[in-house]
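Step one of this worksheet: look at the structure below.
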Amino acid sequence: EAFDGADVVVTSGYDGILKPLKEGLDIKLSHVVSAIDYSADEGVVITTDQGTFEADYCICSVPLGVLKANNIQFTPELPSSYRDSIENLGFGSVTKLALKFEEPFWDIETQYFGITTEPKGRWNYWLSYRTFSDENILLGLSVGDYALTADRMTDAEMVEDALDVLRTVWEDDVTEPIEVLATHWATDPFTLGAYAFPRPGNRKSDFDDLGEPISDRLILAGEHTIFDYAGTTHGAFMTGLRAAEYIIDEEG
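Numbering (the numbering used here), first residue to last: 1 to 252.
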């Protein structure tokens, strides 16, 4: 499901969206959560590598990949219906590589390039930043199974792999990049992937039921808990609003 209007590239970065949302909040960074105890009626206890925290409610918005890896111990364990959905839903990845060049060698009026590659998914989608900025940047994407292959590469290996693809189109005009930035979401322990997707046999409810409160005190949120907008930033945002509205209603 989509909204009306054009697609937008957030040129300032997604942190520009978060800055106004975090005003007045006490945000703890670099606190790795290992356990969530929601056994008590009056609240929850969250265990981290920096100590424990008590709260009236917990909105757990870690990515589906982290839930699949059982990196957080829930007490009591999650109900079987939630565990089944977590296990059965697909969670894929995408590997992104931003290459900044001294000068562009591509048509700067074209925003998107598609390149047929083998294996399938190997750097076959490119976004040119010159269409919305003065930066000579190409952002390449590897998807499907190849996203995992690329993710396991070093940044240097990834760059050579991507340049090899670009040379199939621009040949000797392709120059060495002056700056590089790569993602490794599939192997990052705090993501272990990028986007949820329905596997054959999955139901809409496998997504939506994950967004139902687990108890009066514990709720899951994230793009994997809303079927209509799975895999999107706005979907994740909407589930956060949904969880917050539940708590407000509970507090009366």
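We treat Cβ as the ideally placed atom computed from N, Cα and C, and that holds for glycine.
If you're wondering where the values come from, they're calculated on a predicted model, not measured in any experiment.
Report the start-end ranges of each beta strand (DSSP E) in the stretch 192–221 that is 3 residues or longer and not cut off at the edges. Qualifying beta strand (DSSP E) stretches, in chain order: 195–197 and 218–220.
According to DSSP, is W170 part of a helix, a strand, or is it coil? Within the sequence shown, residue 170 is the residue found at index 170, counting from 1. Three-state DSSP puts W170 in a helix.
Validate contact between the stretch 86–93 and the stretch 182–202 using beta carbons, cut 8 Å, 3 pairs: Yes: the two stretches touch, three or more of their Cβ pairs being nearer than 8 Å.
According to the Cβ coordinates, are S61 and D49 closer than 8 Å? Taking the first residue of the sequence shown as 1, we reach residue 61 at position 61. Taking the first residue of the sequence shown as 1, we reach residue 49 at position 49. No; because the gap between Cβ atoms is not below 8 Å, this pair is not in contact.
My output table needs one value for T239: the three-state DSSP class, helix, strand or coil. Numbered from its first residue, the sequence shown carries residue 239 at position 239. Here T239 carries a helix assignment [DSSP, helix/strand/coil].
D56 to E245 span [Cα, whole Å]: Stepping through the sequence shown from its first residue, residue 56 is reached at position 56. Stepping through the sequence shown from its first residue, residue 245 is reached at position 245. Their Cα atoms are separated by approximately 15 Å.
Pick from L29, E42, G16 and T47 that is closest to I36, judged by C-alpha positions: Within the sequence shown, residue 36 is the residue found at index 36, counting from 1. By alpha-carbon distance to I36, the top candidate from L29, E42, G16 and T47 is T47.
Return the CA-CA distance between S215 and D249, expressed in angstroms with no decimal places. Residue mapping note: residue 215 aligns to position 215 of the sequence shown, counting from 1. Residue mapping note: residue 249 aligns to position 249 of the sequence shown, counting from 1. S215 and D249 have their C-alpha atoms spaced approximately 14 Å apart.
3 or more residues per run - each beta strand (DSSP E) lying fully within the stretch 50–92: Within the stretch 50–92, the complete beta strand (DSSP E) runs of at least 3 residues are 51–55, 58–60, 73–75 and 90–92.
Tell me the residue span of the beta strand (DSSP E) that contains L141. By 1-based counting over the sequence shown, the position of residue 141 is 141. I137 to S142 is the extent of the beta strand (DSSP E) around L141.
Contact defined as beta carbons within less than 8 Å: I believe I137 pairs with Y146. What is the distance between those atoms, to the nearest angstrom? Locating residue 137 in the sequence shown gives position 137, where the first residue counts as 1. Locating residue 146 in the sequence shown gives position 146, where the first residue counts as 1. The pair is not a contact, with the Cβ atoms about 21 Å apart (cut-off 8 Å).
Could you check what DSSP says for I36 in three-state terms: helix, strand or coil? Numbered from its first residue, the sequence shown carries residue 36 at position 36. In this structure, I36 counts as strand in the three-state DSSP scheme.
Measure the C-alpha to C-alpha separation of I86 and V32 and round it to an integer number of angstroms. The residue labelled residue 86 in the question sits at position 86 within the sequence shown. The residue labelled residue 32 in the question sits at position 32 within the sequence shown. For I86 and V32, the gap between their C-alpha atoms comes out near 21 Å.
Distance CB(I59)-CB(A230) smaller than 8 Å: Here residue 59 refers to the residue found at position 59 when the sequence shown is read from its first residue. Here residue 230 refers to the residue found at position 230 when the sequence shown is read from its first residue. Taking 8 Å as the Cβ cut-off, I59 and A230 do not qualify as a contacting pair.
Within a Cβ cutoff of 7 Å, which residues of the same chain sit near N124, ignoring the five residues on either side of it in sequence? Here the question's residue 124 lines up with position 124 in the sequence shown. G114, I115, T116 and T117, listed in sequence order.
Cβ-based neighbour list, A162, same chain, cut-off 6 Å, excluding 5 preceding and 5 following: Translated into the one-based positions of the sequence shown, residue 162 becomes position 162. Correct list, in chain order: L97, W123 and G140.
Cβ-Cβ distance between S30 and P76 below 8 Å: Here residue 30 is taken as the residue at index 30 of the sequence shown, counted from 1. Here residue 76 is taken as the residue at index 76 of the sequence shown, counted from 1. Cβ distance not < 8 Å, so S30 and P76 don't count as in contact.
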